[in-house]
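The block underneath contains the structure these notes are about, expressed in structure tokens.
Take a look at the structure:
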């Protein structure tokens, strides 16, 4: 089955990382671990990955990075004192697993 | 046949960098980039990354009239923060701190004239302190009529603001308070008590949308006409902890938030209000809740908050609405 998305790892440096023209051409989805999803087989997606010097990852590799980040966040949440897990100000709930799309 | 010379009164010019304020439809050759460019107009809204916060925080307040003139203040890094950062459209700069560190506070105004009010000191203890920002310093002024946090807020500057809903401390309430530049006065309540709601507009034309109660979410939208709140069409996605933008009760943005706080899942969904209905527009590049945001439906920002709890982010996203000017490259392939 042809894949719909491709993944890369790139750190968001701020202004210019994703510009409005790029945003109007393709849909970006950011995940924990600086993992970014863009359309596969797409010239504009490929150009953006090159611009940000992204490291291309397979879906399996990207999923492993996201899993590691979420598990670390879950461990950090688990380590919080009970009083801090759902204080009124934080609405602070345990992070949920994330499943990337093909 | 119309010619470029005929319609623009000149030939296509060559520049080494893009001109500062080109007219819509103007075409030029950028000799550095070796490309032909045009000042176009966007047909739909979009998000781009902006300069990041210096310090990652959640539950900040944000004020400002655009994505290039904004303020993000207070919040929590895990500890209550008094930090105040000013945004110029490129980068955030730390400026003078609030006098009182707090999170989940209200904010109304501009980059140079802002009111900060209420908030949490240490949950569930709330604040009633009010501070005025004059573009350089914060000055304490008259307290709110009650301690409050996680409220919605509206107002154009430090002399005119509205606070509605929030915690006092928990559970949530429907109280509305009006700031006239000197004092807070209780006015008519929201129809639906809630916390972590969005607010935008002015003291005579405001909008309250989304929010609690508690750890649940609502899609309620209410319009304030200066005297009363009236229920109008709901959001498409119930949510709390979203960021907001809008200058009156007929135009607003609701950005991200949490759909179901109990799941810990954050949203990237964005909705735009046209005075009658909410419509889904381009999603954020990444999920975000409890960040700082403000601006208009044509130019807004959303900074900080959570992408995934409990890790706070410095990421900032800038919105331009449909009809905004934009430099585009003309492809010659």
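Chains as they are written, first to last, in this note's numbering: chain C, 1 to 102; chain P, 1 to 333. Beta carbons are placed, not taken as given, at the ideal position from N, Cα and C, and that holds for glycine.
(1) Taking buried to mean at least 16 other C-beta atoms within 10 Å of its own C-beta, is residue 4/P buried or exposed?
(2) Check the Cβ-Cβ distances between residue 19/P and every residue of chain C, and say whether any is below 9 Å.
(3) Report the residue from 125/P, 142/P, 93/P whose alpha carbon sits nearest the alpha carbon of residue 116/P.
(4) Quick one: measure Cβ to Cβ for residue 166/P and residue 195/P, integer angstroms, because I've assumed they're closer than 8 Å.
(5) So with CB distances below 9 Å, who are the chain C contacts of residue 106/P?
(6) Are the C-beta atoms of residue 47/C and some chain P residue less than 9 Å apart?
(7) Please list, in chain order, all residues of the same chain as residue 2/C whose beta carbon is under 6 Å from its beta carbon, the five residues on each side excluded.
(8) Is there a C-beta anywhere in chain P that falls below 9 Å from the one on residue 18/C?
(9) Does the Cβ of residue 341/P have 16 or more other Cβ atoms within 10 Å, making it buried, or fewer, making it exposed?
(10) Is the CB of residue 309/P under 9 Å away from at least one CB in chain C?
(11) Alpha carbon to alpha carbon, how far is residue 255/P from residue 271/P?
(12) Determine the contact status of residue 180/P and residue 138/P, defining contact as a CB-CB distance below 9 Å.
(13) I'd like the list of long-range same chain contacts for residue 112/P, defined as Cβ closer than 6 Å, with 5 residues on each side in sequence excluded.
(14) Is there a Cβ of chain C sitting closer than 9 Å to that of residue 93/P, yes or no?
(15) Figure out for me which residue from 252/P, 296/P, 294/P has the closest Cα to the Cα of residue 275/P.
(16) Could you tell me which chain C residues have their CB closer than 7 Å to the CB of residue 328/P, listed as they occur along the chain?
(17) Going along the chain, which unbroken runs of the beta strand (DSSP E) with 3 or more residues stay wholly within the segment 38 to 63 of chain C?
(18) Hey, quick one: how far does the alpha helix (DSSP H) through residue 4/P stretch, first residue to last?
(19) Assess contact between the segment 41 to 56 of chain P and the segment 64 to 80 of chain P, defined as three or more Cβ pairs (one per stretch) separated by less than 8 Å. Is contact present?
(20) Put residue 168/P into one of helix, strand or coil per three-state DSSP.
(21) Starting from residue 22/C and walking both ways along the alpha helix (DSSP H), at which residues does that stretch end?
(22) How long is the line joining the alpha carbons of residue 74/C and residue 323/P, rounded to whole angstroms?
(23) Grab the span of the beta strand (DSSP E) containing residue 106/C for me, first residue to last.
(24) Name, please, each residue of chain P whose Cβ falls closer than 9 Å to the Cβ of residue 15/C.
(25) Under 8 Å: do the segment 292 to 302 of chain P and the segment 225 to 238 of chain P share three or more Cβ pairs, one atom per stretch?
(26) Taking only three categories from DSSP, how would you classify residue 66/C?
Reading it off the structure:
(1) exposed
(2) no
(3) 142/P
(4) 5 Å
(5) Per Cβ cutoff of 9 Å: no residues; residue 106/P is ~14 Å from chain C at best.
(6) no
(7) Cβ neighbours of residue 2/C within its own chain (closer than 6 Å, five residues either side excluded): none.
(8) yes
(9) Not covered by the structure: residue 341/P. The range shown for chain P is 1 to 333.
(10) yes
(11) Approximately 7 Å between the Cα atoms of the pair.
(12) no
(13) Closer than 6 Å at the Cβ level, and outside the excluded window around residue 112/P, lie 135.
(14) no
(15) Closest option to residue 275/P, Cα to Cα, is 252/P.
(16) In chain order: 21.
(17) 55 to 57
(18) 4 to 8
(19) Because the criterion of three Cβ pairs below 8 Å is met, the segment 41 to 56 of chain P and the segment 64 to 80 of chain P touch.
(20) Residue 168/P falls in the coil class under three-state DSSP.
(21) 20 to 25
(22) 42 Å
(23) Outside the displayed span of chain C (1 to 102) sits residue 106/C, for which this structure offers no information.
(24) 48, 49, 50, 51, 52, 89, 90, 91, 316, 318
(25) These segments do not touch.
(26) Secondary structure of residue 66/C (DSSP, three-state): helix.
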